[in-house]
Each structure stands twice: as structure tokens, then as C-alpha cells.
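*Asks:*
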Amino acid sequence: MLFRIHEVNGHRFVAKFFRQPTFCAFCKEFLWGFGKQGYRCSVCQTAVHKRCHNKLLGKCTGSSAHSEATVYLRERFKVDVPHRFRPHQFMSPTFCDHCGAMLYGFFKQELKCEGTS
1 MLFRIHEVNG
11 HRFVAKFFRQ
21 PTFCAFCKEF
31 LWGFGKQGYR
41 CSVCQTAVHK
51 RCHNKLLGKC
61 TGSSAHSEAT
71 VYLRERFKVD
81 VPHRFRPHQF
91 MSPTFCDHCG
101 AMLYGFFKQE
111 LKCEGTS
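End of the sequence shown sits at 117 in UniProt numbering; the numbers just go up one at a time, nothing left out.
1) Let me know the secondary structure DSSP gives Arg12 once reduced to three states.
2) Name the one or two DSSP bridge partners that Arg40 has.
3) Does the Cβ-Cβ distance between residue 127 and Asn9 come in under 8 Å?
4) Using only alpha-carbon positions, find the residue among Phe34, Thr46, Tyr72, Arg76 that is nearest to Val14.
5) Buried or exposed: where does Phe3 fall if 16 or more other Cβ atoms within 10 Å of its Cβ makes it buried?
6) From Arg51 to Phe17, what does the alpha carbon distance come to, in whole angstroms?
7) For Cys60, which residues in the same chain have their Cβ closer than 7 Å to its Cβ, ignoring the five residues on either side in sequence?
8) I'd like the list of long-range same chain contacts for Gln37, defined as Cβ closer than 6 Å, with 5 residues on each side in sequence excluded.
9) Should Met102 and Pro21 be called a contact, given that it needs their Cβ atoms to be closer than 8 Å?
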């Protein structure tokens, strides 16, 4: 199957039909409509509206992890603070800040980083 790929800041966006409630990583609005409502990065899974994909400023997290600059800074400062994910039970409908997907379930639906509020 051949897909048209839109490359922006290392992201490789492909048009996608979202089967579950999803929010745009750029404008934070709901992705809605018939057919393919937006784009999803095939590398980091970020979801955005078709109108927002060119406005995205952040680089793809999957594309910069091993870049020359990242490796240099990690080696120079010896600082690598990883995320500390723990099971968490959300009390209201919650959406992932990274990909926009709805976190669903009744008990400890997903993992949450201890460093975020």
C-alpha cells in the first residue's frame, strides 16, 4: 500500500482515520470528521489536524534521540533523567498529551510519569 508522507521537523505524517476520540497535539482541539480526520506520525505516533501539521514546532522524538547534538550533550554533562512511569488510575476521561489518544478503562488505565502533575 502506498501512502503519501508529509515530512515536518523529522515527523513522517501519514493521513489517518482515528477510530477513537483523539486530540490534536498542536492546537489541542478534537480531531473529528468523516474519512481521514488528520495525520499521525509513523515514527512517534503524534496526531495532528491536517491544518496543523505544518505549524508543529517540536521535532519528532523518534528522530532526535540519537542525533549528534543529543549524544554530545548526554556525554558532556552525563545527565540522562529518564521518565519514571507508574500505574495510575485517572478519575475522569483523560487523553494522552503525546499522541492524543483517549486513556480508557476502569482500573489503572495507563502509566503516568512521576515528574508530571
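For each residue, glycine too, the CB sits at the ideal point set by N, CA and C.
Note that the coordinates shown come from a computational prediction; the quantities given were computed from them, not determined experimentally.
*Replies:* Working from what's here:
1) strand
2) Val14, Ala47
3) The displayed coordinates of the chain run from 1 to 117. Any statement about residue 127 would go beyond what the structure contains.
4) Taking only the C-alpha atoms, the option nearest Val14 is Thr46.
5) exposed
6) 15 Å
7) Asn9, Gly10, His11, Cys41, Val43, Cys44
8) Phe18, Leu31
9) yes
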